[in-house]
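Asker: Our numbering puts the first residue of the sequence shown at 234, with every later residue one more than the last.
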Amino acid sequence: MRRVFLSCAFLVAGFSFAQAGLKVVTGEGRAAVAGSVDAARKAALAEALYDAAGKLGVKLRGFSHVDASGALREETSTLVDGRFKGYQILREGREGASFFVSVEAVGEVEQEVCSGKRVDLNLREVLVRVAPGVPGHVLSAMNESLARAPALLGEGGTFRVTDQRFLGRPRGAERLRASETDYYAQLLGETPSPGGYSISGTMVVERERRDNLVANVTDFVVTLNLKLRDNFSGAQIGDVVQRIAIRDRRTLFGLDEAFTPAPVVNLEPLFTKARAQLEAALACKPLRAVVVEAGARGLVLSVGQEHGVEVGDYFLVYLQSGRQTPGSAWQIVRIDEVTPDKALARAMKATPTIPTNALAVLMR
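#1: Taking all protein chains shown into account, decide if M375 is buried (16 or more other Cβ within 10 angstroms of its Cβ) or exposed.
#2: Could you tell me the distance, in whole angstroms, from the CA atom of I587 to the CA atom of R567?
#3: Between A267 and A273, what straight-line distance do the alpha-carbon atoms span, to the nearest angstrom?
#4: Give the DSSP-derived three-state secondary structure of E526 in the structure shown.
#5: If K575 and V533 are in contact, beta carbons under 8 angstroms, what's the gap, nearest whole angstrom?
#6: Report the three-state DSSP secondary structure of F465 (helix, strand or coil).
#7: Quick check on the DSSP output: what are the complete alpha helix (DSSP H) runs of length 4 or more inside the region 325 to 382, in order along the chain?
#8: What is the DSSP secondary structure of Q510, reduced to helix, strand or coil?
#9: Quick one: is H540 buried, meaning 16 or more other Cβ sit within 10 Å of its Cβ, or exposed?
#10: Going along the chain, which residues of its own chain have a beta-carbon closer than 7 angstroms to the beta-carbon of A276, five neighbours each way excluded?
#11: So, helix, strand or coil for E539, using DSSP?
#12: Can you tell me the Cα-Cα spacing of P559 and A338, whole angstroms?
#13: DSSP three-state label for D569, please.
#14: Rounded to whole angstroms, how far is the Cβ of L515 from the Cβ of V352, which I believe are closer than 8 angstroms?
#15: Which same chain residues, not among the five before or five after E358, have their C-beta less than 7 angstroms away from its C-beta?
#16: Is it right to say T391 is buried, meaning 16 or more other beta carbons lie within 10 angstroms of its own, or is it exposed?
#17: One question on the structure: do L549 and V594 come within less than 7 angstroms of each other, judged by their Cβ atoms?
#18: Which stretch, first to last residue, makes up the beta strand (DSSP E) that contains D396?
#19: Whose C-beta lies closer than 8 angstroms to the C-beta of G511 among residues of the same chain, with five residues either side of it excluded?
#20: Go ahead and pull the three-state DSSP assignment for E441.
#21: Less than 7 angstroms between the C-beta atoms of N464 and S426, yes or no?
#22: Taking 7 angstroms as the threshold (C-beta atoms), are R579 and G531 in contact?
#23: Given T572, which residues of its chain have a CB within under 6 angstroms of its CB, disregarding the five upstream and five downstream residues?
#24: Please work out which residues of its chain come closer than 6 angstroms, Cβ to Cβ, to A522, disregarding the five sequence neighbours upstream and downstream, and give them in chain order.
#25: Let me know the secondary structure DSSP gives T259 once reduced to three states.
#26: With distances taken from CA atoms, which of R508, M436, E280 and R327 is nearest V270?
#27: Once DSSP output is grouped into helix, strand and coil, what is the label at F399?
#28: If we call anything under 7 angstroms between Cβ atoms a contact, is A364 one with E441?
#29: Could you check whether K350 and L520 sit closer than 7 angstroms to each other, using their CB atoms as the reference points?
#30: Taking the beta carbon of I479 as the centre, do at least 16 other beta carbons fall within 10 Å, making it buried, or is it exposed?
#31: Please name the residue, chosen from T424, N449, V361 and V524, that lies closest to D437 on a Cα-to-Cα basis.
#32: Following the continuous alpha helix (DSSP H) through G287, name the residue where it begins and the one where it ends.
#33: Got a sec, what are the start and stop residues for the beta strand (DSSP E) R579 sits in?
#34: Mark D284 as exposed unless 16 or more other C-beta atoms lie within 10 angstroms of its C-beta, in which case mark it buried.
#35: If you draw a straight line from the alpha carbon of R483 to that of V455, how long is it in whole angstroms?
#36: CA-CA distance, K518 and L323?
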């Protein structure tokens, strides 16, 4: 008899969106009512979950062996490898001599989706610090480079950068409006993305001396140290640390420094390296949106065409229902209209109701 192994991971608490794709599947199961109806229900539920897990992923294993008669035989086994985020029972009940259960489950599929979308990245406050003895033209070059940083960082295709350096460092989760009281944010209407990410930190320049027996050798070392934070949760999820050395003085001892030309300060390579590090960190992050409005017309999500969203896309909205069941409630929404930075969606099911500030994740 073929042996089939079932491996399903049920994540009950702390729902987290991994770098794998998400998929909604259904499963059905039946079990004969030979004694206890409750036992038949549990058996039918197990069959329904097995059926749904098989739609998420199946692996085949095979091996060959020589039997007692010397014949070569091949045997295979099937590993159902679906990973569930949670499930809910659509329909259940007794049908004659058997018990029937139908479930709907959200699970992970193998492939990673790392293209066709751009997450929000807010460039927040970056403090410039200069060590004693560093000339003023170097400080001016740093400030000019920082002013061009949003354009330099935004040249990649993984994220879209908004210049919010007038806002202080993140103080918490933006879905809770951690920056709402900032005067400039209210004045300019440049509120941080609640479903995106933020970077903030320091840019420091120091003079490094490497004198030898006959020459004076110095460099300017510029260090960019940024903290990458998740706007939705307020948690720090990474560091971006890059440094470059800029040639300063190369003079023989006794030579008048008046003849030494001022160094050329170009910090574009510093931000180019920072962009590459950010792209590696954010490339496979799921595109998330927050429900900013919920009304009779539908739902307004905080992402749009500039994020790669198209009409016909589906988003999974996860809802914390508070019930002690495997996985809380969720809702699927379909995009009907798209503007550059917003999307209008409608729910695919009558229940549950989606409130504002709920988190939605693109399903591709």
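C-beta atoms are modelled at their ideal positions from N, C-alpha and C, and glycine is treated no differently.
Bear in mind the structure is a predicted one, so any value in this text is a computation, not a measurement.
Answerer: Inspection of the coordinates gives the following:
#1: Residue numbering aside, residue 375 sits at position 142 when the sequence shown is read from its first letter. Buried: at least 16 other Cβ atoms inside 10 Å.
#2: Within the sequence shown, residue 587 is the residue found at index 354, counting from 1. Within the sequence shown, residue 567 is the residue found at index 334, counting from 1. Their Cα atoms are separated by approximately 13 angstroms.
#3: By 1-based counting over the sequence shown, the position of residue 267 is 34. By 1-based counting over the sequence shown, the position of residue 273 is 40. For A267 and A273, the distance between alpha carbons rounds to 8 angstroms.
#4: Residue 526 sits at position 293 when you count from the first residue of the sequence shown. DSSP places E526 in strand when its eight states are reduced to three.
#5: Your numbering for residue 575 matches position 342 in the sequence shown. Your numbering for residue 533 matches position 300 in the sequence shown. At roughly 6 angstroms, the Cβ-Cβ gap stays under 8 angstroms, so K575 and V533 are in contact.
#6: The residue labelled residue 465 in the question sits at position 232 within the sequence shown. Coil, per DSSP.
#7: 369 to 380
#8: Mapped onto the sequence shown, residue 510 falls at position 277. In the structure shown, Q510 sits in a helix (DSSP, three-state: H, G or I).
#9: For the purposes of this step, residue 540 is taken as residue 307 along the sequence shown, with counting starting at 1. Under this definition H540 is a buried residue.
#10: Position 43 of the sequence shown, counted from the start, is the residue given in the question as residue 276. Excluding positions up to five away in sequence, the list reads A264.
#11: Within the sequence shown, numbered from 1, the residue matching residue 539 stands at position 306. DSSP places E539 within a helical segment (H, G or I) once states are collapsed to three.
#12: For the purposes of this step, residue 559 is taken as residue 326 along the sequence shown, with counting starting at 1. For the purposes of this step, residue 338 is taken as residue 105 along the sequence shown, with counting starting at 1. Note that P559 scores 42 on pLDDT, short of 50, meaning its location in the model is unreliable and no value can be drawn from it.
#13: What you label residue 569 is simply residue 336 of the sequence shown in a count that begins at 1. Three-state result, D569: strand.
#14: As a working note, residue 515 is residue 282 in the sequence shown. As a working note, residue 352 is residue 119 in the sequence shown. Confirmed, about 6 angstroms.
#15: Along the sequence shown, one-based indexing puts residue 358 at 125. Cβ neighbours of E358 beyond the five flanking positions: R398, L400, G401, R402 and S433.
#16: The residue given as residue 391 occupies position 158 in the sequence shown. With 16 or more other Cβ atoms inside 10 Å of its own Cβ, T391 counts as buried.
#17: Counting from one through the sequence shown, the residue named residue 549 turns up at place 316. Counting from one through the sequence shown, the residue named residue 594 turns up at place 361. The Cβ atoms of L549 and V594 sit closer than 7 angstroms to each other.
#18: Taking the sequence shown and counting its residues from 1, one reaches residue 396 at position 163. Note, D396: beta strand (DSSP E), F392 to D396.
#19: Counting from 1 along the sequence shown, the entry for residue 511 is found at position 278. Inspection of the sequence shows that residue 511 is occupied by Leu rather than by Gly. Closer than 8 angstroms at the Cβ level, and outside the excluded window around L511, lie L354, L386, G389, T391, F392, I432, L461 and V473.
#20: Within the sequence shown, the letter at position 208 stands for residue 441. In this structure, E441 counts as strand in the three-state DSSP scheme.
#21: For this step, residue 464 is matched to residue 231 along the sequence shown. For this step, residue 426 is matched to residue 193 along the sequence shown. The answer is yes: Cβ separation under 7 angstroms.
#22: Taking the first residue of the sequence shown as 1, we reach residue 531 at position 298. Taking the first residue of the sequence shown as 1, we reach residue 579 at position 346. Yes, Cβ-Cβ distance for G531 and R579 is below 7 angstroms.
#23: The sequence position of residue 572 within the sequence shown is 339, counting from 1. Correct list, in chain order: G537.
#24: The residue labelled residue 522 in the question sits at position 289 within the sequence shown. Closer than 6 angstroms at Cβ, skipping near neighbours: G428, L534, S535, V536 and A593.
#25: The count along the sequence shown starts at 1 and reaches residue 259 at position 26. Reduced to three states, the DSSP call for T259 is strand.
#26: Along the sequence shown, one-based indexing puts residue 270 at 37. Of the candidates R508, M436, E280 and R327, the one whose C-alpha sits nearest the C-alpha of V270 is R327.
#27: To locate residue 399, count along the sequence shown from 1; it is residue 166. It is coil, neither helix nor strand.
#28: As a position in the sequence shown, residue 364 is number 131, starting the count at 1. As a position in the sequence shown, residue 441 is number 208, starting the count at 1. Not closer than 7 angstroms, so no.
#29: Numbered from 1 along the sequence shown, position 287 holds the residue referred to as residue 520. Numbered from 1 along the sequence shown, position 117 holds the residue referred to as residue 350. When the beta-carbon positions are compared, L520 and K350 come within less than 7 angstroms of each other.
#30: Residue numbering aside, residue 479 sits at position 246 when the sequence shown is read from its first letter. With 16 or more other Cβ atoms inside 10 Å of its own Cβ, I479 counts as buried.
#31: As a working note, residue 437 is residue 204 in the sequence shown. The residue asked about is misnamed: residue 437 is Val in this sequence, not Asp. It is V361.
#32: Mapped onto the sequence shown, residue 287 falls at position 54. Unbroken alpha helix (DSSP H) run through G287: V270 to L289.
#33: The residue you call residue 579 lines up with position 346 of the sequence shown. For R579, the enclosing beta strand (DSSP E) starts and ends at A576 to A580.
#34: Position 51 of the sequence shown holds residue 284. The residue is buried, with at least 16 neighbouring Cβ atoms inside 10 Å.
#35: Within the sequence shown, the letter at position 250 stands for residue 483. Within the sequence shown, the letter at position 222 stands for residue 455. About 18 angstroms.
#36: Position 285 of the sequence shown, counting from 1, holds the residue named residue 518. Position 90 of the sequence shown, counting from 1, holds the residue named residue 323. Distance between the alpha carbons of K518 and L323 is about 31 angstroms.
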